[in-house]
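**Q** Residue 355 in the working numbering sits at position 355 of the sequence shown, and the numbers go up by one each step.
One structure coming up, written as structure tokens, with questions to follow.
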Amino acid sequence: MSRRVALYLAAGFRNTMAGQSRTAGARAGGGAGQPMVMSGTHDPVLVTLSIVIAVFSAYTAISLGARVRAARGQLQNWWLAAAALALGGGIWSMHFVAMLAYAMPGMAVGFDGPITLASLILVIACVGAGLAMVARPAPTRPRIVLAGALIGGGIVAMHYLGMRAMQMSAELSYDWRWVLVSIGIALGAATAAVALALREQRGWSQLAAASAMGAAIAGMHYAGMQAAIFTVPADHGAPVAAASDGQGYLAIAIGALTLLILMLALGAARIERLVARAALRESRSALRVTVADILRRRDAEDALEEVAALLGAHFGVSRTGMGDLDSSATLFDYRVCWTDGSVPVLVGRHPAAAFGPRIVAQLHAGATVAIADLLDSDLVTDAATRATARAVDTRAILVVPFLRAGQLRTIVYLNDREPRQWTADEIEFMEELAERIRFVIERTVAETELRELNAELERRVEARTRALQQAEDEKREVAALYRAYFENTPDSLFEIAVTEDGAFIVDQINAAHERGVGMKRSEVLGRRVDAVLPPRIAETVIAHYREVVASGTTAAFREVHKLRGTTQYWDTTLVPLTGPDGRVVKLIGASRNMTNQVVAEEALRQSQKIEAMGQLTGGVAHDFNNLLTPIMGALDRLNQKEVGDARDRRLIAGALQAAERARTLVHRLLSFARRQPLQAIPVNLSELATGMIDLIRSTAGPRVRVDLEIEPELPAALADPNQLELALLNLSVNARDAMPDGGVLRIAIDAATVADGDDRGVAPGRYVRMEVADTGIGMDAETRRRAVEPFFSTKGIGKGTGLGLSMAHGLAAQLGGALTIDSAPGAGTRIALWLPRSDAVAARIQTVAELTPRRQGERVLLVDDEEAVRDVTAQMLLDLGYAVTSVASASDALAVIHDGNWPDLLVTDHLMPAMTGTELARVARQLLPDLRILIISGYAEDAELNPELPLLAKPFSLPELASALARAG
């Protein structure tokens, strides 16, 4: 209203209230002279009119709210202003009519025009601001509550500002409890008004919502009136009176004007709605036609891209598209996407769970999902889904699922980057279009599956063709490989045909079989097996054939036959081949000549047996050495002292000779066992053999001619000269015994080199070879095989120990060389000792007479754990003029040294408990660097002895001990 109308109303109210008759009646208040609290009455007609105005205002606001939601751009702002005027002006009109419906007895009431107009402007502004807060699509709950508070606060402010505009002779105060009630009703009514205006309301539901909201607005006003307290002076009369006719007419005029304005607004909204619906129907009809035309095209993918763009333009969203759920139901494959450029394109494979488990569950159930705001929805309860929404810049979604065979397969979706309240009409139309799209998608899927099926069929045909070709090629290749293998393998292969009457016919043999059995292929092909092989062999072979034919299974066996004068071992495998009737029609056989392997295995067994015997004899020989040492020492001392008469001396000499023979036997045992203590040094074999040639000739006898052949400039060999002399003498004696009627014994010494692959059983390397050859009776294969066994002899009982060759064999092996035998019956024997070559210069061999102690009276520390050996050795040292200190262990010897009793010479046994003699020598040499050391031992491994230390083998005589001490320095 204009200010002129407001002033006119205010003046009229004053005149009307001043001209009212004062009616006698009871005054509300106390006695004479006291202020009175006035109470008034309401005109029921005007009260009803005010409520009608409130309801109609609410109805209009709900209707205009729908237009606000449906409109876009500037039109939305116009409808927002219309809704604010309708609801704000209606509320103010309802308030003003209700104020006119109230009258107090004898009280003239007027209204201040500016304040009244200010209350109208205030409520319209607050309502407009509140509606503007929720004008955006899908407002959040906090926004709705804040808008309700703003509108409710404007209503309360309008009401109490309107009360402030009242001009009368009474003082106005309020009951705070009713004030709170009115405020609560205003806030609740305003919030309800906002919420209802945002909802899709139609028909009776819209009327019911408007009635509830209007009643709440009216209730707020009358609760506020109930809070008002009017107090007048005591001398002011107050007859009861109702509202005057002029007051009622004014209220009716205001109400009628308000209703007219609201009806015009409703009419405008109705017309706009009809126009919008007509335009929407036309737009949707055109869209249906366009979509149908597009979807009829042959290229479904391009059609879907165009349809996505049309959907985006029609619904005014920021993104549209389609996606497929993979067979594992874990990934969405987004293959079609359109955007308006404000949001990123959503294509590719993305985890289904990232878009929310509740959303995906509804899609799996076949339900359309419409969410106004992903950040404020009951379907979005996890942070991951909200993070995904922010990442793809999406707030509102509308998703229509497609199920195939009860399983979710495809979705069509709309996305908006702003919150948006999807209407039922939009959802219904989207589902209709989605159904049309589904047919295209199904057609696309069918076409894709058909193309894949055709491609798969082509692939299978091609693969089958390739497989057949490959099988044919492989068959030819296998046949060629089989033929190549059959003809070139070293194994003897054969094919035997089995006739119906059970006969066995040679169908095929390979070249290896020809060589192995000595039969030509042309002589055996097509013939019966029993006609080709000797009777005994044929009987055995045919028995194996019949066994395989009867069992029908592969069989493997070993055959031993006498072929071409020798015993041969053959491993044969037979594989039966059956015909269509299941009968065995052919045998495929493979044979391998195992004779060499059998011989090698037998040789290995003999070697292992010899090794076992060597371990046994080595241990026994060591004990014998410890026993012989005191025996020989005592006998040697008695012999040198010439104790007793002539008969006693003869007995002592005989016992000493027997002890010497026992020592030789023990040394041979140790040499065979490769445990003879060796002093391996560079040896000039030419000098050694030349020095022994006279002894060998005298031993051989006059009927044997001894020849010595030595290569000029012969390199030195690494050997123990004493043991090598013994081995050469033993080989010479064996050669003599092999020539009972006389002959030639040839000793040849030369340098030799063995290369890789040599078949003589000698490791590759550089050697000095000493060969002893005779022209005697020779050896057969069995004798050659057992020749190096200990105690094996062909000389008869009492004519040999059987240790000569085994000792030589053990010596060569212990030095890192080898012994080879080349012999045949009637062709003599050649035995060669292969000794490692040494690059050092060989030392001159000294005689026993030259080896005498150089220092007498020196202190000797003797260490041996055997008391008898220790005693006899100590006596020998005393006889040689040494001062002797004897101890039983290495620890005792070190204690003597630590006590300051420093010896000039250390003589120690090698094998002792806790610490060996070699270890003792190393510790003692660290304490006394100039200490001379002699090791005595009857049993030791090469690795345990220090080759730089002088060594004396047990048992030993006094001269041998003297010689060893001289070598020790």
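For each residue, glycine too, the CB sits at the ideal point set by N, CA and C.
Here the structure is a predicted model, which is why all the values come from computation and not from measurement.
What residue does the alpha helix (DSSP H) around Ser-963 start on, and which one ends it?
**A** By one-based count along the sequence shown, residue 963 stands at place 963. 958-967 is the extent of the alpha helix (DSSP H) around Ser-963.
**Q** Val-345 and Met-322: beta carbons closer than 8 Å?
**A** Sequence index remark: in the sequence shown, residue 345 carries index 345 (1-based). Sequence index remark: in the sequence shown, residue 322 carries index 322 (1-based). Taking 8 Å as the Cβ cut-off, Val-345 and Met-322 do not qualify as a contacting pair.
**Q** So who's on the other strand from Met-322, going by DSSP bridges?
**A** By one-based count along the sequence shown, residue 322 stands at place 322. Beta-bridge pairing links Met-322 to Val-336 and Val-412.
**Q** At a cut of 8 Å, does the segment 535-544 reach the segment 518-525 through at least three beta carbon pairs?
**A** No: the two stretches stay apart, fewer than three of their Cβ pairs being nearer than 8 Å.
**Q** Using DSSP's beta-bridge definition, name the partner residues of Phe-96.
**A** For the purposes of this step, residue 96 is identified with residue 96 of the sequence shown, where counting begins at 1. None; Phe-96 has no bridge partner.
**Q** Along the chain, where does the alpha helix (DSSP H) containing Ser-169 start, and where does it finish?
**A** Reading the sequence shown from its first residue, position 169 is the one you call residue 169. Segment: none, Ser-169 is in no alpha helix (DSSP H) and carries neither H nor E.
**Q** Tell me the DSSP secondary structure of Thr-775 in three-state form.
**A** To locate residue 775, count along the sequence shown from 1; it is residue 775. Here Thr-775 sits in coil by DSSP.
**Q** Buried or exposed: which applies to Leu-481, given that a residue is buried once 16 or more other Cβ atoms fall within 10 Å of its Cβ?
**A** Reading the sequence shown from its first residue, position 481 is the one you call residue 481. The residue is exposed, with fewer than 16 neighbouring Cβ atoms inside 10 Å.
**Q** Over what stretch of residues does the alpha helix (DSSP H) that includes Pro-357 continue unbroken?
**A** Position 357 of the sequence shown holds residue 357. Pro-357 -> alpha helix (DSSP H) spans 357-364.
**Q** What three-state label does DSSP hand Met-807 in the structure shown?
**A** Translated into the one-based positions of the sequence shown, residue 807 becomes position 807. Of the three classes helix, strand and coil, the one that applies to Met-807 here is helix, per DSSP.
**Q** Anyone know if the C-beta pair for Pro-419 and Leu-363 falls short of 8 Å?
**A** Position 419 of the sequence shown, counting from 1, holds the residue named residue 419. Position 363 of the sequence shown, counting from 1, holds the residue named residue 363. No, Cβ-Cβ distance for Pro-419 and Leu-363 is not below 8 Å.
**Q** Between Ala-590 and Leu-533, what straight-line distance do the alpha-carbon atoms span, to the nearest angstrom?
**A** Position 590 of the sequence shown, counted from the start, is the residue given in the question as residue 590. Position 533 of the sequence shown, counted from the start, is the residue given in the question as residue 533. The straight-line gap from Cα to Cα measures roughly 17 Å.
**Q** Considering just the uninterrupted stretch of the alpha helix (DSSP H) at Glu-514, what are its terminal residues?
**A** Residue 514 sits at position 514 when you count from the first residue of the sequence shown. Segment 511-517, the alpha helix (DSSP H) holding Glu-514.
**Q** Whole angstroms are fine: how far does the CA of Arg-451 sit from the CA of Glu-305?
**A** As a first step, residue 305 must be located in the sequence shown, where it is residue number 305. As a first step, residue 451 must be located in the sequence shown, where it is residue number 451. C-alpha separation (whole angstroms): 21 Å.
**Q** Report buried or exposed for Pro-576, applying the criterion of at least 16 other Cβ atoms within 10 angstroms of its Cβ.
**A** In the sequence shown, counting from the first residue as 1, residue 576 sits at position 576. Pro-576 should be labelled buried.
**Q** Between the C-alpha atoms of Met-779 and Ile-821, what's the straight-line distance to the nearest angstrom?
**A** Locating residue 779 in the sequence shown gives position 779, where the first residue counts as 1. Locating residue 821 in the sequence shown gives position 821, where the first residue counts as 1. Distance between the alpha carbons of Met-779 and Ile-821: 10 Å.
**Q** Could you spell out where the beta strand (DSSP E) holding Leu-934 opens and where it closes?
**A** Along the sequence shown, read from residue 1 onward, the residue named residue 934 stands at position 934. Leu-934 -> beta strand (DSSP E) spans 932-937.
**Q** Looking only at its chain, what residues have a beta carbon closer than 6 Å to the beta carbon of Ala-98, apart from the 5 residues adjacent to it on each side?
**A** If you number the sequence shown from 1, residue 98 lands on position 98. Ser-50 and His-221.
**Q** Along the chain, where does the beta strand (DSSP E) containing Glu-495 start, and where does it finish?
**A** Along the sequence shown, read from residue 1 onward, the residue named residue 495 stands at position 495. Per DSSP, Glu-495 belongs to the beta strand (DSSP E) from 492-498.
**Q** If you compare alpha carbons, which of Pro-114, Ile-151 and Ala-218 is closest to Ala-84?
**A** What you label residue 84 is simply residue 84 of the sequence shown in a count that begins at 1. Nearest option by C-alpha distance: Ile-151.
**Q** Is the separation between the beta-carbon of Val-923 and that of Leu-894 shorter than 8 Å?
**A** Sequence index remark: in the sequence shown, residue 923 carries index 923 (1-based). Sequence index remark: in the sequence shown, residue 894 carries index 894 (1-based). Closer than 8 Å, so yes.
**Q** Is it true that the CB of Ala-118 sits closer than 8 Å to the CB of Val-181?
**A** Here residue 181 refers to the residue found at position 181 of the sequence shown. Here residue 118 refers to the residue found at position 118 of the sequence shown. No.
**Q** Val-907 and Leu-934: beta carbons closer than 8 Å?
**A** Residue numbering aside, residue 907 sits at position 907 when the sequence shown is read from its first letter. Residue numbering aside, residue 934 sits at position 934 when the sequence shown is read from its first letter. In this structure, Leu-934 lies closer than 8 Å to Val-907 by Cβ.
**Q** Using only CA atoms, which one of Leu-311, Ala-968 and Thr-140 lies nearest to Asp-378?
**A** As a first step, residue 378 must be located in the sequence shown, where it is residue number 378. Measuring from the Cα of Asp-378, the nearest candidate turns out to be Thr-140.
**Q** What is the rounded straight-line gap between the Cα of Asp-340 and the Cα of Glu-432?
**A** Your numbering for residue 340 matches position 340 in the sequence shown. Your numbering for residue 432 matches position 432 in the sequence shown. Straight-line Cα distance between these residues: approximately 23 Å.
**Q** Does the Cβ-Cβ distance between Met-94 and Ile-217 come in under 8 Å?
**A** As a working mapping, residue 94 is identified with position 94 in the sequence shown. As a working mapping, residue 217 is identified with position 217 in the sequence shown. Yes.
**Q** Excluding the 5 residues preceding and the 5 following Ala-832 in the sequence, name in chain order all residues of the same chain whose CB lies nearer than 6 Å to its CB.
**A** As a position in the sequence shown, residue 832 is number 832, starting the count at 1. Taken in chain order, the residues that qualify are Arg-769, Glu-771 and Thr-820.
**Q** Looking at Asp-507 and Lys-586, is the spacing between their C-beta atoms short of 8 Å?
**A** The residue you call residue 586 lines up with position 586 of the sequence shown. The residue you call residue 507 lines up with position 507 of the sequence shown. Taking 8 Å as the Cβ cut-off, Lys-586 and Asp-507 qualify as a contacting pair.
**Q** So for Gly-29, helix, strand or coil by DSSP?
**A** As a working note, residue 29 is residue 29 in the sequence shown. Note that Gly-29 scores 41 on pLDDT, short of 50, meaning its location in the model is unreliable; the coordinates nonetheless yield the value given after this. Looking at Gly-29 - three-state DSSP - the assignment turns out to be coil, as it is neither helix nor strand.
**Q** Would the beta-carbon of Ala-387 fall within 8 Å of that of Asp-373?
**A** Within the sequence shown, numbered from 1, the residue matching residue 387 stands at position 387. Within the sequence shown, numbered from 1, the residue matching residue 373 stands at position 373. No, they are not a contact pair.
**Q** Can you give me the start and stop residues for the alpha helix (DSSP H) that Gly-871 sits inside?
**A** In the sequence shown, residue 871 corresponds to position 871, counting from 1. According to the sequence displayed, residue 871 carries Asp and not Gly. From DSSP, the alpha helix (DSSP H) with Asp-871 extends over 867-879.
**Q** Could you check where the beta strand (DSSP E) with Glu-984 kicks off and where it finishes?
**A** Only positions 1 to 969 of the chain appear in the structure, and residue 984 is not among them; the question remains open.
**Q** Quick one: is the Cβ of Gln-407 within less than 7 Å of any heavy atom of the ligand PLP?
**A** Absence of the ligand PLP from the depicted structure is noted, as is the absence of any ligand whatsoever, leaving it without description.
**Q** Per the contact definition of three or more C-beta pairs closer than 8 Å, is the segment 724-733 in contact with the segment 684-704?
**A** The segment 684-704, when compared against the segment 724-733, does touch it at the 8 Å Cβ threshold.
**Q** Buried or exposed, going by whether 16 or more other CB atoms sit within 10 Å of the CB of Gln-469?
**A** The residue you call residue 469 lines up with position 469 of the sequence shown. With fewer than 16 Cβ atoms within 10 Å of its Cβ, Gln-469 is classed as exposed.
**Q** Is Pro-721 helix, strand or coil by DSSP?
**A** If you number the sequence shown from 1, residue 721 lands on position 721. Pro-721: helix per DSSP, three-state reduction.
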